[in-house]
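Report on the following structure.
Protein chains: 2
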Amino acid sequence: MSVQIPRIIVVGAGFGGLETVRALRRAAAAITVIDRQNHHCFQPLLYQVATAALSPAEIAWPIRHILRTQKNATVLMEDVLDVDPARKILITNFGEMAFDYLVLATGAMHSYFGHDQWAPFAPGLKRIDDGTRIRRQILIAFEKAEIATDSETQRRLLTFVIVGGGATGVEMAGAIAEIARQTLAMDFRRIDPRNARIVLVEAGPRLLPAFPPEQSDYVRNVLSHAGVTVMTDTMVTKCDAGGVELGSQRLPAATIIWAAGVMSSPAAKWLGIEADRAGRAKVNTDLSVPGHPDIFVIGDAAAVIDANGKPVPGIAPAAKQMGHYVGSLIAARIAGRETGKPFRYRHLGDLATIGRRAAVVQLGRFRLRGYLGWWFWGIAHIYFLIGIRNRFIVAFSWLWSYLTFQRGARLITRAHDESL
Amino acid sequence: MSVQIPRIIVVGAGFGGLETVRALRRAAAAITVIDRQNHHCFQPLLYQVATAALSPAEIAWPIRHILRTQKNATVLMEDVLDVDPARKILITNFGEMAFDYLVLATGAMHSYFGHDQWAPFAPGLKRIDDGTRIRRQILIAFEKAEIATDSETQRRLLTFVIVGGGATGVEMAGAIAEIARQTLAMDFRRIDPRNARIVLVEAGPRLLPAFPPEQSDYVRNVLSHAGVTVMTDTMVTKCDAGGVELGSQRLPAATIIWAAGVMSSPAAKWLGIEADRAGRAKVNTDLSVPGHPDIFVIGDAAAVIDANGKPVPGIAPAAKQMGHYVGSLIAARIAGRETGKPFRYRHLGDLATIGRRAAVVQLGRFRLRGYLGWWFWGIAHIYFLIGIRNRFIVAFSWLWSYLTFQRGARLITRAHDESL
Chain A
177 MSVQIPRIIV VGAGFGGLET VRALRRAAAA ITVIDRQNHH CFQPLLYQVA TAALSPAEIA
237 WPIRHILRTQ KNATVLMEDV LDVDPARKIL ITNFGEMAFD YLVLATGAMH SYFGHDQWAP
297 FAPGLKRIDD GTRIRRQILI AFEKAEIATD SETQRRLLTF VIVGGGATGV EMAGAIAEIA
357 RQTLAMDFRR IDPRNARIVL VEAGPRLLPA FPPEQSDYVR NVLSHAGVTV MTDTMVTKCD
417 AGGVELGSQR LPAATIIWAA GVMSSPAAKW LGIEADRAGR AKVNTDLSVP GHPDIFVIGD
477 AAAVIDANGK PVPGIAPAAK QMGHYVGSLI AARIAGRETG KPFRYRHLGD LATIGRRAAV
537 VQLGRFRLRG YLGWWFWGIA HIYFLIGIRN RFIVAFSWLW SYLTFQRGAR LITRAHDESL
Chain B
177 MSVQIPRIIV VGAGFGGLET VRALRRAAAA ITVIDRQNHH CFQPLLYQVA TAALSPAEIA
237 WPIRHILRTQ KNATVLMEDV LDVDPARKIL ITNFGEMAFD YLVLATGAMH SYFGHDQWAP
297 FAPGLKRIDD GTRIRRQILI AFEKAEIATD SETQRRLLTF VIVGGGATGV EMAGAIAEIA
357 RQTLAMDFRR IDPRNARIVL VEAGPRLLPA FPPEQSDYVR NVLSHAGVTV MTDTMVTKCD
417 AGGVELGSQR LPAATIIWAA GVMSSPAAKW LGIEADRAGR AKVNTDLSVP GHPDIFVIGD
477 AAAVIDANGK PVPGIAPAAK QMGHYVGSLI AARIAGRETG KPFRYRHLGD LATIGRRAAV
537 VQLGRFRLRG YLGWWFWGIA HIYFLIGIRN RFIVAFSWLW SYLTFQRGAR LITRAHDESL
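Line by line, the protein sequences give chains A and B.
The first sequence begins at 177 in our numbering and counts up one residue at a time.
The second sequence begins at 177 in our numbering and counts up one residue at a time.
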């Protein structure tokens with residue numbers, strides 16, 4: 177006589193999905209983790225892969241390695257195609273899988289606000305492959321400029337436009353400025369990389385809207401000092417192979433990086449439930465799906481008004497908290513314990529770095545910036561990395577870059593569909 | 177009144193090309209280095225990228241960074257299409273370039289001995305992109321086996337065939353055995369990676385023919401002990417998507433790695449001169465091309481009988497010696513000094529590693545194997561790496577892997593034309 181243990185499927189092994197699985201580590205359940213990648217990516221440092229400071233393996237770790245000691249969890253690398261919530265079936269490219277509980281932690285993609293035709297010209301930064309693709313594009317621009325014979329072409333190749341003044345946009349702009357002004361300064365003979373033009377475009381009135389205005393002003397000053405042209409209150413009206421259009425102004429640029437908008441993955445569509453404008457599934461205060469108490473959506477895929485009555489932001493700590501909440505909730509239900517407290521998000525703070533020795537930190541009333549903020553930013557990120565090995569190697573890479581102004585991963589590797 | 181300084185073009189920034197440029201560092205010349213990659217790759221450790229032990233950036237370094245302080249050298253990332261030796265013109269994808277001296281150090285590619293249709297099923301290992309492609313293929317095989325439902329498919333997915341028993345083949349076989357037996361041992365739930373079958377196929381009578389027979393026997397024993405099936409005197413007669421054919425025997429295998437033959441790059445074809453069977457340009461004893469004293473071919477692209485009357489082997493130290501010889505010869509000619517000594521190759525020795533604590537070393541009469549050989553191998557390779565940063569990070573990665581049995585770069589990143 178065997179008792180059937182509950183089958184839990186977690187789709188997506190980002191911050192939210194992994195935290196769900198961890199909270200279930202002592203549950204008498206058969207957990208299946210499904211991801212289309214074999215690795216968990218530490219997205220807050222992905223911009224450092226895109227700017228050649230870190231190697232992909234330094235910020236990513238195989239999901240099955242992370243979970244190797246959690247014996248109730250099986251990891252499968254598959255693509256999810258659809259969900260049948262009524263029959264409690266998940267449909268993947270390898271067939272159907274039945275579940276008792278389902279957690280969709282499928283994250284977000286870039287959004288071009290209805291202009292998907294811009295995507296090939298303005299790549300965004302979500303996955304490891306995006307990081308190596310953008311790294312390749314930035315480095316190739318300098319290589320082509322060295323070969324180019326007319327100054328107009330060189331000017332276009334050495335113009336980098338970053339769209340979006342949030343944390344990713346600010347960090348990318350600061351890092352590209354550092355590459356041009358310092359890392360590559362001595363490496364070329366025909367061009368001077370220090371003449372590169374780095375333009376950060378933000379539609380709103382100021383950079384880093386999650387921070388107080390003084391911090392935004394500080395960041396703008398630091399970036400301007402580093403050679404970045406900051407344009408606020410400016411809308412991008414077109415992206416193409418030649419550059420961007422900002423209303424009536426045309427800016428020729430070989431490299432455009434999209435850090436402006438995100439769009440949820442299709443969790444809501446799979447479930448056939450209501451979504452907000454960004455495509456995020458509207459879920460109950462316990463993060464379950466209306467009408468399906470055993471199906472949950474968390475992280476960037478969910479639109480949640482938490483117990484404080486406020487929308488939960490789409491950032492890593494929020495995804496982790498939701499994962500922990502849902503994992504614990506399922507574990508309690510399996511154990512027959514009381515559940516019932518709604519999800520309550522606790523905002524820990526905001527961090528962003530702008531380059532060497534400059535960052536802004538906002539933890540409640542606690543504020544830091546400049547050199548101290550930069551140290552705080554670095555230590556916090558090292559702390560949250562998975563694995564002692566990665567912590568050590570990233571710390572060493574940063575120390576090395578700091579001392580030498582060099583970047584250790586300046587490799588142009590071949591991309592999928594591109595040729596030089 | 178300006179004096180025209182001589183224009184030297186070096187094509188290829190591998191071991192031979194870089195050494196040529198370095199030997200010209202004090203020459204009053206305008207040197208242009210052309211490579212289709214932006215990085216110099218330390219090929220002897222490329223198998224460690226293919227087996228997830230090292231990241232690409234740990235064994236590769238931007239060419240223009242290596243040469244940044246050599247002010248008489250300009251680096252261009254271009255594809256060379258042809259040479260017009262009579263007009264002294266090099267033709268690239270960006271146009272024509274005139275030269276006074278030309279050094280072709282374009283290296284070698286894989287050779288399938290006339291069976292180029294095997295290439296998509298049996299990738300070889302020459303460039304960084306080959307390394308990440310093979311890494312992806314090996315890791316994907318385990319992922320697919322975990323998903324597969326019938327044992328025959330699992331068996332095929334967990335069979336790895338390495339073709340060629342030279343240093344690369346032996347090193348790959350040892351490393352894949354280590355991945356299956358140790359690194360991945362605890363990470364799967366439905367398959368046992370330790371059941372993977374690793375088959376090393378060699379057409380000749382023994383492994384590592386450059387070493388004495390006792391060393392070959394030792395290597396065979398170590399590999400067998402590690403779980404590798406060694407088949408000598410065995411010819412591969414077909415490679416396809418399902419596996420390999422060894423004469424009348426068919427071996428189903430999802431992963432085939434080609435480490436059997438090399439074919440020169442088309443330097444001889446560009447020049448319209450005689451080549452040997454492997455496509456290598458037959459050059460004079462001063463490495464110049466017959467009839468063109470200002471054009472040289474070196475490294476794996478050249479077939480040379482040196483001053484000792486022996487053919488020069490296609491290995492990194494030989495390429496470096498040829499590069500140093502030709503660079504010095506051109507520098508002497510520019511300075512109006514006597515030149516005339518033919519190239520003489522000095523064989524330093526052979527090294528190969530088989531896995532944890534096992535390697536063979538042969539330096540003249542000096543021989544090492546086992547644990548000591550393995551230390552010698554490791555130190556020698558760290559020594560020859562470019563850059564203190566890389567030496568340090570590789571040493572740390574090795575120490576870490578040694579202590580934990582883990583591999584730091586187990587990432588499946590998307591390849592050009594493949595999808596899961």
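Built from N, CA and C at the ideal position, the CB exists for glycine as well.
Inset, instruction - Measuring alpha carbon to alpha carbon, tell me which of B:391, B:586, B:551, B:350 ends up nearest residue 571 (chain B). - result: Numbered from its first residue, the second sequence carries residue 571 (chain B) at position 395. Per the Cα distances, B:551.
Inset, instruction - Along the beta strand (DSSP E) that carries residue 294 (chain B), what are the first and last residues, could you check? - result: For this step, residue 294 (chain B) is matched to residue 118 along the second sequence. No residue range can be given for residue 294 (chain B), since it is assigned to no beta strand (DSSP E) and is classified by DSSP as neither H nor E.
Legend entry - Within 8 Å of chain A by C-beta, residues of the segment 361-379 of chain B in sequence order: 362, 363, 364, 365, 366
Legend entry - At least 3 beta-carbon pairs within less than 8 Å: the segment 422-437 of chain B vs the segment 374-393 of chain B: yes
Inset, instruction - Assign residue 277 (chain A) to one of two classes, buried (16 or more other C-beta atoms within 10 Å of its C-beta) or exposed (fewer than that). - result: Within the first sequence, the letter at position 101 stands for residue 277 (chain A). Residue 277 (chain A) is classed as buried because its beta carbon has at least 16 other beta carbons within 10 Å across all chains shown.
Legend entry - N- and C-terminal bounds of the alpha helix (DSSP H) containing residue 410 (chain A): Locating residue 410 (chain A) in the first sequence gives position 234, where the first residue counts as 1. It is not in any alpha helix (DSSP H) - residue 410 (chain A) carries neither H nor E in the DSSP assignment.
Inset, instruction - Quick one: give me the first and last residue of the beta strand (DSSP E) that residue 531 (chain A) is part of. - result: Walking along the first sequence from the start, residue 531 (chain A) turns up at place 355. It spans 526-531 - the beta strand (DSSP E) in which residue 531 (chain A) sits, taken as one unbroken run.
Inset, instruction - Could you name the residues of the segment 397-430 of chain A whose beta carbon sits closer than 8 Å to any beta carbon of chain B, in the order they occur along the chain? - result: Within the segment 397-430 of chain A, no residue qualifies.
Inset, instruction - Kindly list the residues whose CB is nearer than 7 Å to the CB of residue 223 (chain A), restricted to its own chain and excluding five residues on each side of it in sequence; keep chain order. - result: Here the question's residue 223 (chain A) lines up with position 47 in the first sequence. These residues qualify, in order along the chain: 301, 344, 347, 348, 351.
Inset, instruction - Measure from the alpha carbon of residue 461 (chain B) to the alpha carbon of each residue in B:482, B:360, B:474, B:454, then state which is nearest. - result: Taking the second sequence and counting its residues from 1, the one referred to as residue 461 (chain B) is at position 285. Minimum Cα distance to residue 461 (chain B) is reached at B:482.
Legend entry - Residue closest to residue 238 (chain B), alpha-carbon to alpha-carbon, out of B:562, B:567, B:586: On the second sequence, residue 238 (chain B) is found 62 positions in, with the first residue counted as 1. When each option's Cα is compared against that of residue 238 (chain B), the closest is B:562.
Inset, instruction - Below 6 Å CB to CB, which residues in the same chain sit around residue 304 (chain B) once its five sequence neighbours on both sides are set aside? - result: For the purposes of this step, residue 304 (chain B) is taken as the residue at position 128 of the second sequence. Result list for residue 304 (chain B): 217, 232, 236, in chain order.
Inset, instruction - Could you work out which residue in A:475, A:280, A:259 is closest to residue 274 (chain A) when comparing CA atoms only? - result: Counting from one through the first sequence, the residue named residue 274 (chain A) turns up at place 98. Checking every option, the nearest Cα to that of residue 274 (chain A) belongs to A:259.
Legend entry - Under 7 Å from the C-beta of residue 238 (chain B): neighbouring residues of chain A: Taking the first residue of the second sequence as 1, we reach residue 238 (chain B) at position 62. Within 7 Å Cβ-Cβ: 586.
Legend entry - Residues of the segment 177-195 of chain B whose Cβ lies closer than 8 Å to any Cβ of chain A, in chain order: none
Inset, instruction - Compute the Euclidean distance between the alpha carbons of residue 271 (chain A) and residue 560 (chain A), then round it to the nearest angstrom. - result: Residue mapping note: residue 271 (chain A) aligns to position 95 of the first sequence, counting from 1. Residue mapping note: residue 560 (chain A) aligns to position 384 of the first sequence, counting from 1. One C-alpha to the other measures close to 35 Å.
Inset, instruction - May I have a chain-ordered list of the beta strand (DSSP E) segments no shorter than 3 residues that lie completely inside the segment 418-493 of chain A? - result: 419-422, 425-428, 431-434, 438-440, 468-473
Inset, instruction - Using the Cα positions of residue 526 (chain A) and residue 497 (chain A), report the straight-line distance between them to the nearest angstrom. - result: Numbered from 1 along the first sequence, position 350 holds the residue referred to as residue 526 (chain A). Numbered from 1 along the first sequence, position 321 holds the residue referred to as residue 497 (chain A). Approximately 15 Å, taken between the alpha carbons.
Inset, instruction - Could you tell me which uninterrupted alpha helix (DSSP H) segments, each at least 4 residues in length, are contained entirely in the segment 214-272 of chain B, listed from first to last along the chain? - result: 222-226, 239-242
Inset, instruction - Ignoring anything shorter than 4 residues or poking outside the segment 330-378 of chain A, list the alpha helix (DSSP H) runs there in chain order. - result: 343-354
Inset, instruction - Could you tell me which residues DSSP puts in a beta bridge with residue 545 (chain A)? - result: Residue 545 (chain A) sits at position 369 when you count from the first residue of the first sequence. Looking at the DSSP assignment, residue 545 (chain A) forms a beta bridge with A:536.
Legend entry - Residues sharing a beta bridge with residue 310 (chain A), DSSP: Translated into the one-based positions of the first sequence, residue 310 (chain A) becomes position 134. DSSP lists no partner for residue 310 (chain A).
Inset, instruction - Establish whether the CB of residue 293 (chain A) and some CB of chain B are separated by less than 8 Å. - result: Stepping through the first sequence from its first residue, residue 293 (chain A) is reached at position 117. Not one chain B Cβ lies under 8 Å of residue 293 (chain A).
Inset, instruction - Give me the Cα-Cα distance between residue 468 (chain A) and residue 261 (chain A), rounded to the nearest whole angstrom. - result: On the first sequence, position 292 is the one that residue 468 (chain A) refers to. On the first sequence, position 85 is the one that residue 261 (chain A) refers to. So the alpha carbons of these two residues sit roughly 7 Å apart.
Inset, instruction - Please state whether DSSP places residue 277 (chain A) in a helix, a strand or coil. - result: Reading the first sequence from its first residue, position 101 is the one you call residue 277 (chain A). Three-state DSSP puts residue 277 (chain A) in a strand.
Legend entry - Secondary structure of residue 320 (chain B), DSSP reduced to three states: Along the second sequence, one-based indexing puts residue 320 (chain B) at 144. DSSP places residue 320 (chain B) in helix when its eight states are reduced to three.
Inset, instruction - Below 8 Å between beta carbons is the criterion; list the residues of the segment 194-225 of chain B that meet it against any residue of chain A, in chain order. - result: So the close ones are 212, 213, 214, 215.
Inset, instruction - Can you pull the chain A residues whose beta carbon is under 7 Å from the beta carbon of residue 450 (chain B), in chain order? - result: Residue numbering aside, residue 450 (chain B) sits at position 274 when the second sequence is read from its first letter. Chain A residues near residue 450 (chain B): none, gap ~32 Å exceeds 7 Å.
Legend entry - Same chain only: Cβ atoms within 6 Å of residue 354 (chain B), ignoring 5 sequence neighbours per side: In the second sequence, counting from the first residue as 1, residue 354 (chain B) sits at position 178. Only 531 meet the Cβ criterion.
Inset, instruction - Can you have a look at residue 521 (chain B) and say buried or exposed, based on whether 16 or more other CB atoms are within 10 angstroms of its CB? - result: Mapped onto the second sequence, residue 521 (chain B) falls at position 345. Burial call: buried.
Inset, instruction - Could you check if residue 597 (chain B) is buried or exposed, using at least 16 other CB atoms within 10 Å of its CB as the buried criterion? - result: Residue 597 (chain B) is absent from the structure shown; chain B starts at 177 and stops at 596.
Legend entry - DSSP state of residue 210 (chain B) mapped onto helix, strand, coil: Position 34 of the second sequence, counted from the first residue, corresponds to residue 210 (chain B). Looking at residue 210 (chain B) - three-state DSSP - the assignment turns out to be strand.
Inset, instruction - Give me whichever residues DSSP pairs with residue 405 (chain A) in a beta bridge. - result: Against the first sequence, residue 405 (chain A) aligns to sequence position 229. Residue 405 (chain A) is bridged to A:375.
Inset, instruction - Give the range of the beta strand (DSSP E) segment to which residue 185 (chain B) is assigned. - result: As a working mapping, residue 185 (chain B) is identified with position 9 in the second sequence. Looking at the DSSP string, the run of the beta strand (DSSP E) that includes residue 185 (chain B) is 183-187.
Inset, instruction - Would you decide whether residue 180 (chain B) is buried or exposed? Buried here means 16 or more other CB atoms lie within 10 Å of its CB. - result: Position 4 of the second sequence holds residue 180 (chain B). Classification for residue 180 (chain B): exposed.
Legend entry - chain B contact residues for residue 344 (chain A), given Cβ-Cβ distances below 9 Å: To locate residue 344 (chain A), count along the first sequence from 1; it is residue 168. Result: empty, since nearest Cβ-Cβ is about 20 Å, beyond 9 Å.
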